[in-house]
Amino acid sequence: MIPCKLIGKRLFLLLLTFFVSTSINNVSAADIAAGKALFMSKCASCHQVLKPGTGPALAGIEDRHTWADHNELLKWINNPAAYLAKDAYTQGLLAQYKSMMTAFPDITLVDVDNIVAYINDAAVAKAPPPGDTNAGAPKSNSNAIIFGVISLILAIIALILMQVNSNLKKMSDDAEGISRPEPVPFYKNKVYITMFALLFFAFAGYQFSKAAVGLGRQTNYEPVQPIFYSHKVHAGINQISCLYCHGSAWESKHAAIPSVNVCMNCHKAIGEYVKGPTLYDKEGNEINGTAEIAKLYKYAGFDPNNPNDWDPSKAKPIEWIKIHNLPDHVYFNHSQHIRAGNVQCQSCHGEITGMDEVKQVSELSMGWCINCHRETKVDFNYTDSTGNKFYSIYEKFHNDIKNHKMDSVRVEHIGGLECQKCHY
Amino acid sequence: MMKKFWIIIGCLTMIAVLAGCDKTRRSPGRASMPDMSYSRAYETYSSTENLKENGINYTARPVEGTIARGDMASYENKNDSTGYARSAVVKNPLDFSTIDMKEAERLYLVNCAICHGSKLDGNGPLWNGGDGPYPAAPKNLLADDMKAMTEGTMFHSLTYGKNLMGSYASQLSTLQRWEVIAYIKMKQGGTATTTTTVVADTTAAAIK
Chain A
1039 MIPCKLIGKR LFLLLLTFFV STSINNVSAA DIAAGKALFM SKCASCHQVL
1089 KPGTGPALAG IEDRHTWADH NELLKWINNP AAYLAKDAYT QGLLAQYKSM
1139 MTAFPDITLV DVDNIVAYIN DAAVAKAPPP GDTNAGAPKS NSNAIIFGVI
1189 SLILAIIALI LMQVNSNLKK MSDDAEGISR PEPVPFYKNK VYITMFALLF
1239 FAFAGYQFSK AAVGLGRQTN YEPVQPIFYS HKVHAGINQI SCLYCHGSAW
1289 ESKHAAIPSV NVCMNCHKAI GEYVKGPTLY DKEGNEINGT AEIAKLYKYA
1339 GFDPNNPNDW DPSKAKPIEW IKIHNLPDHV YFNHSQHIRA GNVQCQSCHG
1389 EITGMDEVKQ VSELSMGWCI NCHRETKVDF NYTDSTGNKF YSIYEKFHND
1439 IKNHKMDSVR VEHIGGLECQ KCHY
Chain B
719 MMKKFWIIIG CLTMIAVLAG CDKTRRSPGR ASMPDMSYSR AYETYSSTEN
769 LKENGINYTA RPVEGTIARG DMASYENKND STGYARSAVV KNPLDFSTID
819 MKEAERLYLV NCAICHGSKL DGNGPLWNGG DGPYPAAPKN LLADDMKAMT
869 EGTMFHSLTY GKNLMGSYAS QLSTLQRWEV IAYIKMKQGG TATTTTTVVA
919 DTTAAAIK
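Chains as they are written, first to last, in our numbering: chain A, 1039 to 1462; chain B, 719 to 926.
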């Protein structure tokens, strides 16, 4: 049993700290909320609480310069240019961060008090907790093992039953006094051997031809990339459009890989991976997202402690490994499919928004292309603003549709099966 | 006895084969004709690092002063404080009436809305009221200071980047950047002062 005296002492200490802290800070939750609203609308574009952004980090602002006096801080915020002219400290800040603070003449002293209250509150709340533990384990795919064990058990049972069956038959024959010739074991039975040989050749031939056809096809290819870039996090959770990075898919043959500066559009500010789910690679190893972003910084030549000194022209390209490969003698054009044809990226690339590591979902074989060209209906309307005027030239098809001779035009009807469309 | 032994061995092999099928495929496999499957020519993304050793001059940049077909002359102000100050008087060379606003909206939604929000309210999915991964609040494009910003200054910031925003010159052509600016200005309630500079009228029509 815990002594009551100890509890009383602890309670007393707790109350004491509570009163002391409230009497020192003397801020209400409402002040902090008002400060947060102001901070988000006025300051957050350039300042973060814990890390330097366009401007310095604001945690511990009252310990720096003369900012503990909020009147001084107010003068700076209301008119930075005038304040800077007479003050060496802020001149140093300008030299370090290379961009002049915007003036906020509407801010009042109460606003400053509230904003500082919010900053102090957020600096404590947002500081990384010590000993952060990660829960959750990777999903291991154990289905194959379960099926294997089940089939093994069934095979053994079948074997035992066959044995029992033949033994029982022998016993009943013995009991009835019928003497049969010693049965030929099944592995010497010529019918069985012939059947087995035929089955074996059919199976082996099928497997052999399948393997030969599959040479050079890369379905499910899922290489380890130089950086663990998760499409699930970027395109899925954060809803970045595919075309933000692969914009040239709209305009050209290639769905280009973004250059490092496109990554840095966001990652100049996002230096750590904290808000998303824990990442695992296919082998089940946990991935440290922050370390992966650090790899990007290395390629970009970016120093997160000195964000304003970054020179994008010094960046080195990341050598991503190409997954989807078409042979040299096949012409494929992205813009033709997604812009003219209105095909979604996911139709060929699968549920990219759910993939941490990208794998090739489609076969990319000729049969696969042709099949889609046979099945896909063309949006043949050309009259309204969304339609493609090009289709106006197919007079016969339009007449046939009008006369109900055909219900829809598919890609094969407008040349989707011509050899020269893709091979020339 | 031997018979049963072989049967059991056979079953175990089958299981091993079945279990093996589940593995992640980390290699592309063999190609029947590798020099057809993997082009020998210099294709997009081929490494150009050793071209110089072979005496080939390659810079990966367009010849200075040239303009891509369908694009417009590049922006002349430099990325410094004088350039920024000068940008305030630059006018959108596109004619408002000929701009394909549907295309401009598409460009905005793809490239800008992720931070600045599809409603231009500065609350895109990356910020999400402070809950998204982006640590700095994107500008609310409907705020008064952004409405007061001239289209030239906006274009300057879009071209070279501003504060935490990066340069979009690599993702959007000069023409596309002006289209996006026109879209933003239209959404802001319109600088209806249709500029009548006709530099890019023909190109604007041609790109469609």
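Every residue, glycine too, gets a C-beta built ideally from N, C-alpha and C.
Q | Those runs of the beta strand (DSSP E) which lie wholly inside the segment 1367 to 1437 of chain A and span at least 3 residues | A | none
Q: Measure from the alpha carbon of M751 (chain B) to the alpha carbon of each residue in A:L1364, A:T1391, A:G1388, A:A1163, then state which is nearest.
A: Residue numbering aside, residue 751 (chain B) sits at position 33 when the second sequence is read from its first letter. Ranking the options by Cα distance to M751 (chain B), first place goes to A:L1364.
Q. By the 10 Å Cβ neighbour count, where 16 or more other Cβ atoms means buried, how is C1084 (chain A) classified, buried or exposed?
A. Stepping through the first sequence from its first residue, residue 1084 (chain A) is reached at position 46. With 16 or more other Cβ atoms within 10 Å, it is buried.
Q.
Looking at the strands, I want to know which residues DSSP matches up with R743 (chain B).
A. Position 25 of the second sequence, counted from the start, is the residue given in the question as residue 743 (chain B). Its beta-bridge partners are A:Y1259.
Q: Label F1340 (chain A) either buried or exposed according to how many other C-beta atoms from any shown protein chain fall within 10 Å of its C-beta, with 16 as the threshold for buried.
A: Position 302 of the first sequence, counted from the first residue, corresponds to residue 1340 (chain A). Buried: at least 16 other Cβ atoms inside 10 Å.
Q: For K857 (chain B), return the contacting residues in chain A, with the cut-off set at a CB-CB distance below 7 Å.
A: Numbered from 1 along the second sequence, position 139 holds the residue referred to as residue 857 (chain B). S1083, listed in chain order.
Q) How would you call A1160 (chain A), buried or exposed, if buried means at least 16 neighbouring beta carbons within 10 angstroms? A) Indexing the first sequence from 1 puts residue 1160 (chain A) at position 122. The residue is buried, with at least 16 neighbouring Cβ atoms inside 10 Å.
Q.
In chain order, what are the residue ranges of uninterrupted alpha helix (DSSP H) at least 4 long that sit wholly in the segment 856 to 914 of chain B?
A. 862 to 866, 869 to 878, 892 to 905
Q: Go ahead and label P811 (chain B) buried or exposed: buried means 16 or more other beta carbons lie within 10 angstroms of its beta carbon, across all protein chains shown.
A: Along the second sequence, one-based indexing puts residue 811 (chain B) at 93. By the 10 Å Cβ count, P811 (chain B) comes out buried.
Q. Are any of the Cβ atoms in chain A nearer than 8 Å to that of Q889 (chain B)?
A. Taking the first residue of the second sequence as position 1, residue 889 (chain B) is located at position 171. Yes, Q889 (chain B) lies at the interface with chain A (some Cβ there is under 8 Å from its Cβ).
Q: Please list the partners that G747 (chain B) has in chain A, where partner means a Cβ-to-Cβ separation under 7 Å.
A: Taking the first residue of the second sequence as position 1, residue 747 (chain B) is located at position 29. Ordered by position in chain A, the residues that pass the 7 Å Cβ test against G747 (chain B) are Q1256.
Q) With burial defined as no fewer than 16 other Cβ atoms inside 10 Å of the residue's Cβ, what is the status of W724 (chain B): buried or exposed? A) Along the second sequence, read from residue 1 onward, the residue named residue 724 (chain B) stands at position 6. Exposed, because fewer than 16 other Cβ atoms sit within 10 Å of the Cβ of W724 (chain B).
(Q) Less than 7 Å between C-beta atoms, sequence neighbours within five positions excluded: which residues of the same chain meet that for I1275 (chain A)? (A) Within the first sequence, numbered from 1, the residue matching residue 1275 (chain A) stands at position 237. Cβ neighbours of I1275 (chain A) beyond the five flanking positions: G1314.
Q. Using Cβ-Cβ distances below 7 Å, what residues of the segment 1280 to 1312 of chain A are close to chain B?
A. L1281, Y1282, G1285, H1292, I1295, S1297, N1299, V1300, M1302, N1303, C1304, K1306, A1307, I1308
Q | Close-in-space but distant-in-sequence residues of the same chain around T1328 (chain A) (CB under 6 Å, 5 per side omitted) | A | By one-based count along the first sequence, residue 1328 (chain A) stands at place 290. Cβ within range, chain order: E1310, Y1311.
Q. With 16 other CB atoms within 10 Å as the buried threshold, where does F1241 (chain A) fall?
A. Numbered from its first residue, the first sequence carries residue 1241 (chain A) at position 203. Exposed is the call here.
Q: Quick one: grab the DSSP three-state call for Y1282 (chain A).
A: One-based indexing of the first sequence puts residue 1282 (chain A) at position 244. Looking at Y1282 (chain A) - three-state DSSP - the assignment turns out to be helix.
Q: Locate the alpha helix (DSSP H) running through S805 (chain B), then write down its first and last residues.
A: Your numbering for residue 805 (chain B) matches position 87 in the second sequence. Neither: S805 (chain B) is in no alpha helix (DSSP H) and is coded neither H nor E.
**Q.** Listed by chain order, chain B residues near H1464 (chain A) by CB distance under 7 Å
**A.** The structure shown does not extend to residue 1464 (chain A), since chain A is modelled only from 1039 through 1462, so no value can be given for it.
Q | Integer Cβ distance of L893 (chain B) from M790 (chain B), believed to fall under 8 Å | A | In the second sequence, counting from the first residue as 1, residue 893 (chain B) sits at position 175. In the second sequence, counting from the first residue as 1, residue 790 (chain B) sits at position 72. Right, their Cβ atoms sit about 5 Å apart.
Q.
Could you give the first and the last residue of the continuous alpha helix (DSSP H) run that contains S792 (chain B)?
A. Numbered from its first residue, the second sequence carries residue 792 (chain B) at position 74. From DSSP, S792 (chain B) is part of no alpha helix (DSSP H); its letter is neither H nor E.
Q | Reduced DSSP secondary structure (H/G/I, E/B, other) of R824 (chain B) | A | Locating residue 824 (chain B) in the second sequence gives position 106, where the first residue counts as 1. Here R824 (chain B) sits in helix by DSSP.
Q. Hey, is Y1259 (chain A)'s beta-carbon within less than 8 Å of any beta-carbon in chain B?
A. Counting from one through the first sequence, the residue named residue 1259 (chain A) turns up at place 221. Closer than 8 Å: yes.
Q | chain B contact residues for Q1277 (chain A), given Cβ-Cβ distances below 8 Å | A | Taking the first residue of the first sequence as 1, we reach residue 1277 (chain A) at position 239. Here the neighbours are I832, P843.
Q. Does DSSP classify Y1318 (chain A) as helix, strand or coil?
A. Locating residue 1318 (chain A) in the first sequence gives position 280, counting from the first residue. Three-state result, Y1318 (chain A): strand.
Q: Please list the partners that L882 (chain B) has in chain A, where partner means a Cβ-to-Cβ separation under 7 Å.
A: Taking the first residue of the second sequence as position 1, residue 882 (chain B) is located at position 164. In chain order: G1091, T1092, K1306, A1307.
Q: Can you say whether E1395 (chain A) is buried or exposed, counting buried as having 16 or more other CB atoms within 10 angstroms of its CB?
A: Along the first sequence, read from residue 1 onward, the residue named residue 1395 (chain A) stands at position 357. Buried.
Q) Hey, out of A:S1189, A:Y1121, A:S1180, A:A1213, whose CA is closest to T999 (chain A)'s CA? A) Nothing in the structure corresponds to residue 999 (chain A), since chain A is present only between 1039 and 1462.
**Q.** Rounded straight-line distance, which links the Cα of Y1335 (chain A) to that of P1342 (chain A)
**A.** Position 304 of the first sequence, counted from the start, is the residue given in the question as residue 1342 (chain A). Position 297 of the first sequence, counted from the start, is the residue given in the question as residue 1335 (chain A). Roughly 8 Å separates the two Cα atoms.
Q | Of the listed residues A:L1147, A:A1141, A:N1303, A:F1234, nearest to A887 (chain B) (C-alpha basis) | A | Locating residue 887 (chain B) in the second sequence gives position 169, where the first residue counts as 1. For A887 (chain B), the nearest C-alpha among the options comes from A:N1303.
Q. Where does the unbroken alpha helix (DSSP H) through D1069 (chain A) begin, and where does it stop?
A. Numbered from 1 along the first sequence, position 31 holds the residue referred to as residue 1069 (chain A). Taken as a continuous stretch (DSSP letters only), the alpha helix (DSSP H) holding D1069 (chain A) covers 1067 to 1076.
Q. Helix, strand or coil: which one does DSSP assign to E1100 (chain A)?
A. By 1-based counting over the first sequence, the position of residue 1100 (chain A) is 62. Helix, per DSSP.
Q.
Taking CB distances under 8 Å as the criterion, tell me whether N1172 (chain A) reaches chain B.
A. Position 134 of the first sequence, counted from the first residue, corresponds to residue 1172 (chain A). Confidence is the limiting factor: at N1172 (chain A) the pLDDT is only 42, short of 50, which leaves the residue's position unreliable and the question unanswerable from this model.
Q | Three-way DSSP call (helix, strand, coil) for I774 (chain B) in this model | A | Residue numbering aside, residue 774 (chain B) sits at position 56 when the second sequence is read from its first letter. If DSSP states are grouped into helix, strand and coil, I774 (chain B) belongs with coil.
Q: Could you name the residues of the same chain whose beta carbon sits closer than 6 Å to that of A1353 (chain A), not counting the 5 residues immediately before and after it, in chain order?
A: Here residue 1353 (chain A) is taken as the residue at index 315 of the first sequence, counted from 1. Hits under 6 Å: V1298, A1338, G1339.
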